[in-house]
Amino acid sequence: MAKLNWGMIGGGKGSQIGPAHRLGAGLDGQFDFVAGALDHRADEGRAFAESLGIAPERAYGDWKEMLAGEKDRADRVDLVTVATPNATHFEITKAFLEHGFHVLCEKPMTMTVEEGEEIVKLARASGRICAVNYGYTGYSLVRHMRAMVARGDLGRIRLVKAEFAHGHHADAADAENPRVRWRYDPSQAGVSAQFADCGIHAMHLASFVAGQEVERLSADTVSCIESRVLEDDAMVNFRMSGGTVGRLWTSSIAIGRQHGLTLQVFGEKGGLRWAQEQPNQLYWMPLGQRLQVIERGEGNLSPEADRSSRVTVGHAEGMPLAFANIYSDLAEAIRAGKDGRAMDPAANLYPRAEDGLRSMAAVFAVAESGKQMGAWMDARPPMFR
Ligand code: NAI
């Protein structure tokens, strides 16, 4: 099977998320990393790309040069990952979609709801894939939770509880450090800091597993470090399209917590609990029975879980493998499109531009609700109301 060609924008040397994308895209041997504009400094970007094995003529100085260089090539990239800072996602994603490329964009997909709607419309009109990297949905046991909910193991879902609370911006003495300060500055971060950065992962995860969309929300947003304009902690209550109640806590001042992403799902017939820092165990409590621990890799869990597990049961699997599952889904979607066949339903799980747009609507609803002392807001983007 011929490999697909893959390119990346952002993710330069020393970046946080670049290595996870390169590991994820390369893991199953489906993508060849052939082009990149990896850094905001042209020379550093070219040199780093070449050091990763990219041919000099495809080691680009910036994304516009990459678009110009790739668009007419017979072997142009099949998929472009956009892993630059947030404010650049919209224009880069839009430009590549307009030229017929499939795109995987980092979250948040855009800075406004209007931009999000434009991307959704463009992706739909062009028939190209625009995926958004809610990469934690790639964990095998997250996919199994979704499958258990969908096949009715829990009955009707009454309540979901999601958390993404860490303590990495808790030091008041470090709050004015320029590397931290910009995140809480509206002129650079937009209308929300912690919710837009982490809360949207937790909300998307709740929606992915429950198989429902968030419709309304009420938010209590606070800046625990007083010099901050934007929130460093938020508690968000929400209601979902199937009637499920949602509760979400996100924080960057929760000292002692590391990544802090967890999900609990409570149905009529049982409850599930999963924590991203121990991703290989899923706790399942069927009503009236004993607690059971479901291990990743047990086999015969669900087609979605089995397809997204690579290492034998009992051995640790981690976050780059979750990203690898997003890439594996995208490879299957691109190949199915090329072959003119239906894609494997167990791979049809990658988050879409629609998910990126819903998150932007939630970000603006949280910001507004916070200003109005928790008033309930419509959390849906106008085009989905
Ligand atoms: P970072 O600041 O560590 O790295 C950004 C990289 O992009 C740098 O190498 C920089 O030189 C490069 N860059 C900046 N502007 C560029 C441009 N115009 N063209 C080409 N390269 C450019 O940032 P980090 O933490 O890696 O975040 C990048 C994106 O990934 C953000 O949108 C962030 O929200 C998202 N992210 C997503 C995560 C997830 O779990 N899905 C986790 C962490 C970050």
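In terms of full-length UniProt numbering, the sequence shown is residues 1 to 385.
All C-beta atoms in this analysis are idealised placements derived from N, C-alpha and C, irrespective of residue type, glycine included.
Check                                                                                            : Outcome
Length of the line joining the Cα atoms of R151 and Q264                                         : 17 Å
G14 beta carbon near ligand 1 (any heavy atom closer than 8 Å)                                   : yes
Contact under 9 Å by Cβ, T81 with G7                                                             : yes
I157 - partner residues in DSSP beta bridges                                                     : G267
L38 beta carbon near ligand 1 (any heavy atom closer than 8 Å)                                   : yes
Segment contact flag, the region 304–323 with the region 98–106, C-beta cutoff 8 Å, min 3 pairs  : no
Pick from H201, L287 and I255 that is closest to R156, judged by C-alpha positions               : L287
Three or more C-beta pairs below 8 Å linking the region 224–241 and the region 176–184           : yes
Neighbour-count burial assignment, M70, 16 or more Cβ in a 10 Å radius                           : Reading off the sequence shown, one finds Glu at residue 70, where the question assumed Met. Label assigned to E70: buried.
beta-carbon H168 near ligand 1 non-hydrogen atom, thresh 8 Å                                     : no
Option nearest N5 by Cα separation, candidates L330, L357, A342 and A347                         : L330
Nearest-angstrom Cβ-Cβ length linking V214 and A336, presumed shorter than 8 Å                   : 29 Å between Cβ atoms; not a contact.
Alpha helix (DSSP H) runs wholly inside the region 120–171, at least 4 long, in chain order      : 140–150
Nearest-angstrom Cα separation, counted from K107 out to S359                                    : 9 Å
Same chain, Cβ closer than 8 Å to V34, five either side skipped, listed in chain order           : N5, W6, G7, I54, A55, R58, D75 and V77
Distance cut-off 8 Å: D355 Cβ against heavy atoms of ligand 1                                    : no
Among A234, F164 and L205, nearest to Q258 - alpha-carbon criterion                              : F164
Unbroken alpha helix (DSSP H) run spanning Y327, endpoints                                       : M319 to D339
Closer than 8 Å: A362 CB and nearest ligand 1 heavy atom                                         : no
Cutoff 9 Å: W63 Cβ touching any chain D Cβ                                                       : In the structure shown, chain D does not exist; there is a single protein chain.
heavy atom of ligand 1 below 8 Å from R358 C-beta                                                : no
Three-way DSSP call (helix, strand, coil) for D220 in this model                                 : strand
Inter-residue spacing [alpha-carbon to alpha-carbon] between R341 and A196                       : 37 Å
Best match in I326, A375 and R273 for proximity to V236 [C-alpha to C-alpha]                     : A375
Whole-number beta carbon distance between G11 and A83, since they are thought to touch under 8 Å : 4 Å
Nearest-angstrom beta carbon gap, G190 and G356 [assumed within contact, 8 Å]                    : That belief does not hold up - the Cβ atoms of G356 and G190 are roughly 14 Å apart, past 8 Å.
Three or more C-beta pairs below 8 Å linking the region 300–313 and the region 124–131           : no
Straight-line Cα distance separating P85 from D43                                                : 19 Å
Alpha-carbon spacing of D306 relative to S241, whole angstroms                                   : 28 Å
DSSP-derived helix/strand/coil call for S308                                                     : coil
T84 in three-state terms, based on DSSP                                                          : coil
Status (buried if at least 16 other CB within 10 Å, exposed otherwise) for A125                  : exposed
Residue from A219, Q292 and R273 whose Cα sits closest to the Cα of L205                         : R273
Cβ-based burial, S252 [other Cβ within 10 Å; buried from 16]                                     : buried
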